[in-house]
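In what follows, a structure is listed as structure tokens, so that the remarks can point back to it.
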Amino acid sequence: MQSIANIQQAEAWNGPEGIHWAEQADRYDAMGAGINAPLFDAARIGERDRVLDVGCGTGCVTRLAARRAARGTVTGVDISAPMLARARTAAEAEGLTNVTFEQGDAQVHPFPAGDFDIAISRGGVMFFNDHVAAFTNIGRALRPGGRLVFAAPQPGGSAPEHTRAFAALTPLMRGPSPAARGMGSLTDPAGIRHILTEAGFVDVSIAPVEVPVVWGRDASDAVEFYFATGPVRHNLAEVPTATIERVRDEVRSALREFETPAGVSVRGAIWVVSATQP
Ligand SMILES: C[S@@+](CC[C@H](N)C(=O)[O-])C[C@H]1O[C@@H](n2cnc3c(N)ncnc32)[C@H](O)[C@@H]1O
């Protein structure tokens, strides 16, 4: 890796939280699967496109992009070594030959200038200490007329189903885990527009989209997974076991309402953001 501006994020995503994502990639990909259709609809990736996937993690979106850009190329960049290791293994297992992965901090990574037709991201562009610098750097990697399309979460509370499903846990969630710091940095549409404009992008569009988020096979499975994620573990570290057990039971009961044949599906709210490099 060349240089890192986001040292705290690098430590977090290379530590236990990043390792959990890498080990549980299928679970996290099931959670994120509802984002894929609106993201790719907005991205309109062409067969010969050169695609950059920013904050690619374990590479689910990178691999989907590689199938769309079948005669082009896809580069996934991420700050997390364990997640990239999983991404490389999965791409190889699928026999994809037009995919490469690079470890780097997208805010300062030395992308070749003008080398990409489009930059995409499923929730991988919120973790910068200087968003204008980061999006300027990503913009530099795009050719003139190249596009940026990413998905980022809306503010907490904007998805009523999610709020209802996890209400019992809310009083205990006092702050973000180390990896989740930055997660809420692109929730304000006016702020997103300002950052992208400052970074030199034009034609910024920000669409609110509701997506199904699948947390597990059934309520018991979903609650086990949710309580094992970094943000929840972080907030429960000092909480007495009896309280955790009570809250776990309450969340499990609440999640029964969301059990479907396709798993426990709770609606979440995201922004799908598009912008163009002039
Ligand atoms: C919420 S995960 C999303 C991963 C992936 N896009 C997906 O949809 O599964 C955020 C990702 O951003 C990466 N990340 C965080 N800060 C980064 C940075 N400054 N530069 C590059 N990647 C970063 C993390 O390592 C992690 O893989």
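Just so we're aligned, residue 390 is where the sequence shown starts under my numbering, counting upward by one.
No residue lacks a Cβ here, since even glycine has one placed at the ideal position from N, Cα and C.
Per-residue burial, residue i [other beta carbons within 10 Å of its own, 16 or more giving buried]
{"i": "Ala455", "result": "buried"}
{"i": "Glu406", "result": "buried"}
{"i": "Thr552", "result": "exposed"}
{"i": "Phe536", "result": "Reading off the sequence, residue 536 comes out as Arg, not Phe. Answer is buried; the Cβ neighbour count reaches 16."}
{"i": "Thr618", "result": "buried"}
{"i": "Val662", "result": "buried"}
{"i": "Thr632", "result": "exposed"}
{"i": "Thr451", "result": "buried"}
{"i": "Ile396", "result": "exposed"}
{"i": "Thr447", "result": "buried"}
{"i": "Thr464", "result": "buried"}
{"i": "Ala482", "result": "exposed"}
{"i": "Ser469", "result": "buried"}
{"i": "Arg635", "result": "exposed"}
{"i": "Asp638", "result": "exposed"}
{"i": "Thr462", "result": "buried"}
Contact check, residue i vs residue j, beta carbons under 8 Å
{"i": "Ile507", "j": "Ile434", "result": "yes"}
{"i": "Leu575", "j": "Gln666", "result": "no"}
{"i": "Val440", "j": "Ile527", "result": "no"}
{"i": "Glu541", "j": "Val514", "result": "Reading the sequence as shown, one finds Ala at residue 541 and not Glu. In contact: Ala541 and Val514 (Cβ atoms closer than 8 Å)."}
{"i": "Asp607", "j": "Val653", "result": "yes"}
{"i": "Val612", "j": "Gly423", "result": "no"}
{"i": "Asp580", "j": "Phe516", "result": "First, the amino acid is wrong: residue 580 is Gly here, not Asp. Cβ distance not < 8 Å, so Gly580 and Phe516 don't count as in contact."}
{"i": "Trp604", "j": "Phe616", "result": "no"}
{"i": "Ala414", "j": "Arg460", "result": "no"}
{"i": "Ala432", "j": "Val538", "result": "yes"}
{"i": "Ala458", "j": "Arg437", "result": "yes"}
{"i": "Met472", "j": "Ala399", "result": "no"}
{"i": "Gly421", "j": "Cys449", "result": "yes"}
{"i": "Pro549", "j": "Pro620", "result": "no"}
Bridge partner(s) assigned by DSSP for residue i
{"i": "Thr489", "result": "Thr464"}
{"i": "Ala664", "result": "Leu537"}
{"i": "Ala414", "result": "Ala414 pairs with nothing; no bridge assigned."}
{"i": "Gly652", "result": "Thr649"}
{"i": "Arg511", "result": "Ala540"}
{"i": "Val497", "result": "According to DSSP, which records beta bridges pairwise, Val497 is partnered with nothing at all."}
- Message: Measuring CB atoms only, is the region 489 to 507 touching the region 421 to 431, in the sense that at least three cross pairs come out at less than 8 Å?
- Response: By the Cβ criterion, the region 489 to 507 is not in contact with the region 421 to 431, since fewer than three pairs of Cβ atoms, one from each stretch, lie closer than 8 Å.
- Quick one, what's near ligand 3 if you take every residue whose CB is closer than 5 Å to any heavy atom, in chain order? Ligand 3 is absent from the structure shown, which contains only ligand 1.
- Task: Please determine if the region 623 to 631 and the region 556 to 568 are in contact, where contact requires at least 3 C-beta pairs separated by less than 8 Å.
- Result: Flag = yes, the region 623 to 631 and the region 556 to 568 touch.
- Going along the chain, which unbroken runs of the beta strand (DSSP E) with 3 or more residues stay wholly within the region 527 to 595? Assignment of beta strand (DSSP E) within the region 527 to 595, counting only whole runs of 3 or more residues, yields 531 to 542 in chain order.
- Taking only runs that begin and end inside the region 425 to 479, name each unbroken beta strand (DSSP E) of 3 or more residues, in chain order. Runs of the beta strand (DSSP E) inside the region 425 to 479: 439 to 443 and 462 to 467.
- Query: On the three-pair Cβ rule with 8 Å, is the region 645 to 659 touching the region 564 to 581?
  - Reply: By the Cβ test, the region 645 to 659 is not in contact with the region 564 to 581, since fewer than three Cβ pairs between them sit closer than 8 Å.
- Message: Give the list of continuous beta strand (DSSP E) stretches no shorter than 3 residues that lie fully inside the region 608 to 646.
- Response: Runs found: none.
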